[in-house]
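Novice: The listed protein sequences correspond, in order, to chains A and B. In this text, residue positions in the first sequence follow this note's numbering: the first is 189, and each later residue adds one. In this text, residue positions in the second sequence follow this note's numbering: the first is 12, and each later residue adds one. Beta carbons are placed, not taken as given, at the ideal position from N, Cα and C, and that holds for glycine. Have a look at this one before I ask anything.
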Amino acid sequence: QIQLVQSGPELKKPGESVKISCKASGYTFTDYAMHWVKQAPGKGLKWMGWINTYTGKPTYADDFKGRFVFSLEASASTANLQISNLKNEDTATYFCAKGAAISPFAYWGQGTLVTVSS
Amino acid sequence: DIQMTQSPSVLSASVGDRVTLNCKASQNINKYLNWYQQKLGEAPKLLIYNTNNLQTGIPSRFSGSGSGTDFTLTISSLQPEDFATYFCFQHNSWPYTFGAGTKLELK
Chain A
189 QIQLVQSGPE
199 LKKPGESVKI
209 SCKASGYTFT
219 DYAMHWVKQA
229 PGKGLKWMGW
239 INTYTGKPTY
249 ADDFKGRFVF
259 SLEASASTAN
269 LQISNLKNED
279 TATYFCAKGA
289 AISPFAYWGQ
299 GTLVTVSS
Chain B
12 DIQMTQSPSV
22 LSASVGDRVT
32 LNCKASQNIN
42 KYLNWYQQKL
52 GEAPKLLIYN
62 TNNLQTGIPS
72 RFSGSGSGTD
82 FTLTISSLQP
92 EDFATYFCFQ
102 HNSWPYTFGA
112 GTKLELK
């Protein structure tokens with residue numbers, strides 16, 4: 189069965205960096221895009237962008253250009269999200285979600301809580 | 012960017028009720044509208060994709076309709092496990108956008 193398993197919660201200080209992983213199983217990793225979604229505490233969902241898992245080319249939503257980097261370890265069927273120069277407003281749960289032609293975003297990781305606090 | 016407006020923001024209902032949740036897009040998104048259910052501390056769960064297609068494993072009391080800019084999610088007979096927050100989501104054009112959610116609470 190298709191599963192996306194994300195890395196565990198992180199506690200960071202402002203200015204630090206964090207890298208979140210999303211390991212996929214149950215399908216051919218390079219056949220489908222991987223998307224990233226942010227959810228601040230008690231708030232709604234915000235699409236951050238996606239990465240082409242075949243070519244490695246990332247696409248970022250405007251609010252996530254600059255400090256955010258999507259990357260792959262394709263041999264390990266893993267997508268990564270790195271956030272640099274962390275700010276308090278980056279405190280959120282970050283989800284990966286599998287793309288698809290017919291029913292996109294049907295499969296999600298369990299979420300990774302990143303807390304930024306001095 | 013396409014704005015997704017959900018209404019109501021909070022809906023109070025009882026077990027067995029039929030409820031309708033609304034989602035309005037600021038421009039035409041064709042059929043590319045998904046509905047998700049989210050419970051506290053969990054990832055969103057896909058209920059309906061592309062307006063009216065029931066995701067595998069989702070009970071048939073959930074249904075979706077609409078086109079263009081106006082969409083609805085209907086739950087025909089609320090069950091205790093249905094009390095949660097529901098989000099609509101457009102994947103017609105980048106940036107993809109979510110509605111702010113409707114919280115379905117027990118009356």
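1) Chain B beta carbons: is any one of them nearer than 8 angstroms to that of A:Ala289?
2) Under 6 angstroms Cβ to Cβ from B:Lys50, same chain only, skipping five residues before and after it: list those, please.
3) Starting from the Cα of A:Val193, find the closest Cα among A:Val304, A:Gly299, A:Leu260, A:His223 and give me that residue.
4) What did DSSP end up calling B:Asn61 once you bin it into helix, strand or coil?
5) When DSSP labels each residue in this structure, what does B:Ala36 get in the three-state scheme?
6) For A:Lys201, which residues in the same chain have their Cβ closer than 8 angstroms to its Cβ, ignoring the five residues on either side in sequence?
7) Residues in the same chain with beta-carbon distance under 7 angstroms from B:Asp12, minus the five sequence neighbours each way, listed in chain order, please.
8) Nearest to A:Gln189 by alpha carbon, out of A:Glu261, A:Met222, A:Gly214, A:Gly230?
9) Measure the alpha-carbon distance for B:Phe73 versus B:Ile86 and round it to whole angstroms.
10) With three or more C-beta pairs closer than 8 angstroms as the rule, is the region 15-33 of chain B touching the region 55-67 of chain B?
11) By the criterion of Cβ-Cβ separation under 7 angstroms, what are the contact partners of A:Phe283 in chain B?
12) For B:Gln66, go through chain A and note every residue whose CB falls closer than 8 angstroms to its CB, in chain order.
13) In the DSSP output, which residue or residues are listed as bridge partners for B:Phe82?
14) Measure the alpha-carbon distance for A:Thr281 versus A:Gly230 and round it to whole angstroms.
15) Taking A:Ala249 as the query, report the chain B residues whose CB atoms sit under 7 angstroms from its CB, ordered along the chain.
16) Is it the case that the Cβ atoms of B:Asn41 and B:Thr83 are separated by a distance below 8 angstroms?
17) Under 6 angstroms Cβ to Cβ from A:Pro197, same chain only, skipping five residues before and after it: list those, please.
18) In the structure shown, what three-state DSSP assignment does A:Glu277 receive?
19) Per DSSP, what kind of secondary structure is B:Ser23 in: helix, strand or coil?
20) Can you give the beta carbon distance from A:Ala221 to A:Gly287, rounded, assuming they're within the 8 angstroms contact cut?
21) Give, in chain order, every residue of the region 18-48 of chain B whose Cβ lies closer than 7 angstroms to some Cβ of chain A.
Specialist: This is what the structure gives:
1) Taking the first residue of the first sequence as 1, we reach residue 289 of chain A at position 101. With 8 angstroms as the cut-off, A:Ala289 does not count as an interface residue toward chain B.
2) Taking the first residue of the second sequence as 1, we reach residue 50 of chain B at position 39. Within the same chain, B:Lys50 has close Cβ partners Ala95.
3) On the first sequence, residue 193 of chain A is found 5 positions in, with the first residue counted as 1. Cα-wise, what sits closest to A:Val193 is A:Gly299.
4) For the purposes of this step, residue 61 of chain B is taken as residue 50 along the second sequence, with counting starting at 1. B:Asn61: coil per DSSP, three-state reduction.
5) Your numbering for residue 36 of chain B matches position 25 in the second sequence. Reduced to three states, the DSSP call for B:Ala36 is strand.
6) Position 13 of the first sequence, counted from the first residue, corresponds to residue 201 of chain A. So the qualifying residues of the chain are Leu274, Val304, Ser305, Ser306.
7) Here residue 12 of chain B is taken as the residue at index 1 of the second sequence, counted from 1. Taken in chain order, the residues that qualify are Pro106, Thr108.
8) For the purposes of this step, residue 189 of chain A is identified with residue 1 of the first sequence, where counting begins at 1. Residue A:Gly214 is the option with its Cα nearest to A:Gln189.
9) The count along the second sequence starts at 1 and reaches residue 73 of chain B at position 62. The count along the second sequence starts at 1 and reaches residue 86 of chain B at position 75. The straight-line gap from Cα to Cα measures roughly 5 angstroms.
10) no
11) As a first step, residue 283 of chain A is located in the first sequence; it is residue number 95 there, counting from the start. Here the neighbours are Ala54.
12) As a working note, residue 66 of chain B is residue 55 in the second sequence. Result: Ser291, Ala294.
13) On the second sequence, residue 82 of chain B is found 71 positions in, with the first residue counted as 1. B:Cys34, B:Gly77.
14) Residue 281 of chain A sits at position 93 when you count from the first residue of the first sequence. Residue 230 of chain A sits at position 42 when you count from the first residue of the first sequence. Cα to Cα, A:Thr281 sits roughly 10 angstroms from A:Gly230.
15) In the first sequence, the residue the question calls residue 249 of chain A occupies position 61. The contacting residues are Pro106.
16) For the purposes of this step, residue 41 of chain B is taken as the residue at position 30 of the second sequence. For the purposes of this step, residue 83 of chain B is taken as the residue at position 72 of the second sequence. No, Cβ-Cβ distance for B:Asn41 and B:Thr83 is not below 8 angstroms.
17) As a working note, residue 197 of chain A is residue 9 in the first sequence. Correct list, in chain order: Leu301.
18) Start at 1 with the first residue of the first sequence, and residue 277 of chain A comes out as number 89. A:Glu277 falls in the helix class under three-state DSSP.
19) In the second sequence, residue 23 of chain B corresponds to position 12, counting from 1. The answer is strand: DSSP assigns B:Ser23 an E or B state.
20) In the first sequence, residue 221 of chain A corresponds to position 33, counting from 1. In the first sequence, residue 287 of chain A corresponds to position 99, counting from 1. A:Ala221 to A:Gly287, Cβ: 3 angstroms. Contact.
21) Asn45
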